[in-house]
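S.K.: Here it is: the structure, laid out below.
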Amino acid sequence: MTEKQRWLSRYDVIIVGSGTAGGTLFSELSILRPGLQVLLIEAGGVVKDGEDGQFWPFFLKHYRNFVLLSRSPSTVIYAGAMVGGTSVISCGNMNRNSVLEEAFRDRGVELSSYLGRAEKMLGVKPLASNKIIGGSKILVQASQQTGFKLLPMPKAVEASCDGCGDCVMGCHKKAKWDVRPGIELAQSSNYHLLPNTTVRKVVFDNRGRAIGVDLGWGRKIDAPIVVLATSGLGTPKILLNSGVKNEAIGCGLSIHPFEVTYGRKKGQTQQKGMSMAAFCKPEEGIVISPFIDQRSQKELACGPAWSLQNPLPEVLGLMVKVKDPESDGRVYGNGWISYSVPPEARQRLKRGAEMAREILLAADVDPKTITTTSMFPRGAHPSCTAKLGKVVDSSLEVFGHRGLFISDSSAIPLSTGTPPILTLVGLNLYLAERLSKKF
């Protein structure tokens with residue numbers, strides 16, 4: 016991806032954040048209204064050629080790891096910090112959630128047709144059986160003997176996937192969908208990408224209407240429409256620093272807490288094959304899927320003693336991810352985040368670990384080696400911090416501030432425990448259609 020343009024002082028639309036949400040909106044607007052002047056601003060940098068699939072470049076440069084120090088125990092939330100955002104480091108999962116669709120519908124946003132379009136655009140389908148290999152295949156087969164049968168995960172993955180197992184470090188084969196090709200294709204003489212740039216706040220006129228963004232150090236860029244798409248962590252921070260008054264901003268943070276249950280099976284490995292190749296939802300709010308951490312993360316999460324006795328090449332693992340709708344988590348204007356896993360979510364994690372243990376035992380894992388990464392909680396998919404119906408209306412426009420829109424996971428109205436990527440693609444197709452009619 017290249018930085019092709021000189022940037023203007025005024026645009027028709029400014030999009031802040033280049034992840035699944037912002038990147039999709041940028042790409043779709045370029046198709047619907049190619050004559051507009053549109054700027055896509057990203058705080059992170061561009062992933063260089065050869066970095067996809069490489070652990071250290073991604074871990075050091077392209078992961079934004081938030082460690083939450085304000086509660087005990089601390090919690091880690093994984094998020095991407097590059098052009099393409101978390102779409103680059105996702106596992107390509109494209110789950111459609113009927114409960115979430117209904118929640119959007121109840122609040123005036125009908126997404127069904129846009130989600131259908133998104134599925135076709137991305138080529139979403141259950142992962143082919145010949146891509147479910149190694150330890151993941153063993154777990155899928157073993158699960159058939161239990162009450163928790165693993166089924167192929169719906170994904171946006173091309174046949175060129177070589178099963179390297181490094182999905183969370185970017186795809187070196189470019190087989191897994193992410194938003195970067197769409198951003199690259201959209202760039203033109205009037206669709207511009209500005210990486211390595213942080214937006215401090217949105218600028219308003221005396222009526223509260225958005226008129227641009229403030230980059231700090233006296234730098235401002237004007238636009239009558241500003242769209243925030245910097246994630247459930249970044250967007251509420253910008254809103255609060257912009258002086259938007261709404262008690263719901265930053266509150267109710269959901270992170271879909273997860274743990275991984277591991278066990279050793281000599282002579283078998285789960286290091287090869289696509290991450291999260293299959294899944295099951297044994298009950299509402301719990302998702303189980305084959306997954307193993309990168310080596311450093313496993314040793315941190317499981318502890319060095321267990322990791323030394325159970326080397327990664329002979330370990331099978333199942334991730335348990337849960338919803339946390341009753342969270343009192345919060346994002347503050349100074350960037351601090353407060354979160355503790357709610358009791359109901361902890362119970363779901365405990366039940367899910369018991370189910371995962373049953374599948375591992377059916378796979379003939381050594382029962383003495385089974386452990387769960389409960390040393391500290393981890394989370395993904397930060398969302399629900401600028402909810403639809405509380406902070407934005409059915410046009411995704413912020414209440415009381417015309418011209419300011421939110422299109423990322425912060426606008427999601429409730430926690431579901433499932434990946435939001437497909438939902439965010441559909442949501443931004445919805446917004447692109449509406450914004451295109453304003454000019």
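According to this note's numbering, the sequence shown is numbered sequentially starting from 16. The beta carbon of each residue, even a glycine, is placed where N, CA and C say it ideally should be. All of these numbers come straight from a predicted model, not from anything done at the bench.
1) Skipping 5 residues on each side, what residues in its chain have a beta carbon closer than 7 Å to that of residue 454?
2) Assuming residue 115 contacts residue 439 under a Cβ cut-off of 8 Å, what Cβ separation, rounded to an integer in Å, is found between them?
3) For residue 431, which residues of its own chain have a beta-carbon under 7 Å away from its beta-carbon, when the five flanking residues on both sides are left out?
4) Would DSSP call residue 264 helix, strand or coil?
5) With distances taken between CB atoms, is the gap from residue 245 to residue 423 smaller than 8 Å?
6) Could you compute how far the alpha carbon of residue 350 sits from the alpha carbon of residue 108?
7) Below 8 Å on the Cβ atoms is my guess for residue 345 versus residue 265; work out the distance and round it to an integer in Å.
8) Would you identify the three-state DSSP class for residue 109, choosing helix, strand or coil?
9) Specify the secondary structure class of residue 360 as computed by DSSP and reduced to three states.
10) Which stretch, first to last residue, makes up the alpha helix (DSSP H) that contains residue 272?
11) Count the other CB atoms within 10 Å of the CB of residue 336; is the residue buried (16 or more) or exposed (fewer)?
12) Determine the closest residue to residue 291 out of 322, 219, 73 and 154, with distance taken between C-alpha atoms.
13) Would you kindly work out how many angstroms separate the C-alpha atoms of residue 362 and residue 300, rounded to a whole number?
14) For the candidate residues 270, 285, 283 and 219, whose alpha-carbon lies nearest to that of residue 254?
15) Can you give me the start and stop residues for the beta strand (DSSP E) that residue 234 sits inside?
16) In three-state DSSP terms, what is residue 247?
17) How big is the Cα-Cα spacing for residue 393 and residue 221?
18) What beta strand (DSSP E) runs, 3 residues minimum, are completely inside the region 167–209?
19) Taking 6 Å as the limit between beta carbons, can you name the residues of its chain near residue 434, skipping five residues before and five after?
20) Could you say which of 53, 32 and 36 lies nearest to residue 60 if we only look at CA atoms?
21) From the DSSP secondary-structure annotation, give me the bridge partner or partners of residue 305.
22) Cα separation between residue 69 and residue 149?
23) Using DSSP bridges, identify the partner residues of residue 386.
24) What residues in its chain sit with their C-beta under 8 Å from that of residue 198, if we drop five residues either side in the sequence?
25) Measure the Cβ-Cβ separation of residue 178 and residue 334 and say whether it is below 8 Å.
26) What does the alpha-carbon distance come out to for the pair residue 162 and residue 205?
27) With distances taken Cα to Cα, identify the nearest neighbour of residue 446 among 90, 53, 126 and 376.
28) Measuring alpha carbon to alpha carbon, tell me which of 329, 302 and 123 ends up nearest residue 285.
29) Quick check: the Cα distance between residue 359 and residue 389, rounded to an integer number of angstroms?
30) Between which two residues does the alpha helix (DSSP H) carrying residue 319 extend?
31) Taking C-beta to C-beta, are residue 102 and residue 247 nearer than 8 Å?
32) Along the chain, where does the beta strand (DSSP E) containing residue 231 start, and where does it finish?
33) Under a three-way DSSP split, which group does residue 140 fall into?
34) Considering only C-alpha positions, which residue in the set 92, 320, 184 and 283 is nearest to residue 63?
35) So which of 396, 370 and 413 has the shortest CA-CA distance to residue 160?
36) How do the region 232–243 and the region 268–283 stand: do at least 3 beta-carbon pairs fall below 8 Å, yes or no?
M.R.: This is what the structure holds:
1) 27, 48 and 51
2) That belief does not hold up - the Cβ atoms of residue 115 and residue 439 are roughly 11 Å apart, past 8 Å.
3) 112, 114, 115 and 338
4) coil
5) yes
6) 29 Å
7) 5 Å
8) In the displayed model, residue 109 falls within coil according to three-state DSSP, outside both helix and strand.
9) helix
10) Annotation for residue 272: no alpha helix (DSSP H) segment contains it, though the beta strand (DSSP E) segment containing it runs 272–279.
11) Buried, because 16 or more other Cβ atoms sit within 10 Å of the Cβ of residue 336.
12) 154
13) 11 Å
14) 219
15) 234–237
16) DSSP, reduced to helix, strand and coil, places residue 247 within a helical segment of the structure shown.
17) 42 Å
18) 206–209
19) Excluding sequence neighbours, residue 434 sits near 108 and 110.
20) 32
21) 333
22) 21 Å
23) 277
24) A distance below 8 Å between beta-carbons, with the five flanking residues on each side excluded, links residue 198 to the following residues of its chain, in chain order: 16, 33, 38, 41, 42, 55, 98, 99 and 208.
25) no
26) In this model, residue 162 and residue 205 are separated by some 55 Å (Cα to Cα).
27) When each option's Cα is compared against that of residue 446, the closest is 126.
28) 329
29) 16 Å
30) DSSP places residue 319 in the uninterrupted alpha helix (DSSP H) bounded by 319–324.
31) no
32) 225–231
33) strand
34) When each option's Cα is compared against that of residue 63, the closest is 184.
35) Closest option to residue 160, Cα to Cα, is 370.
36) no
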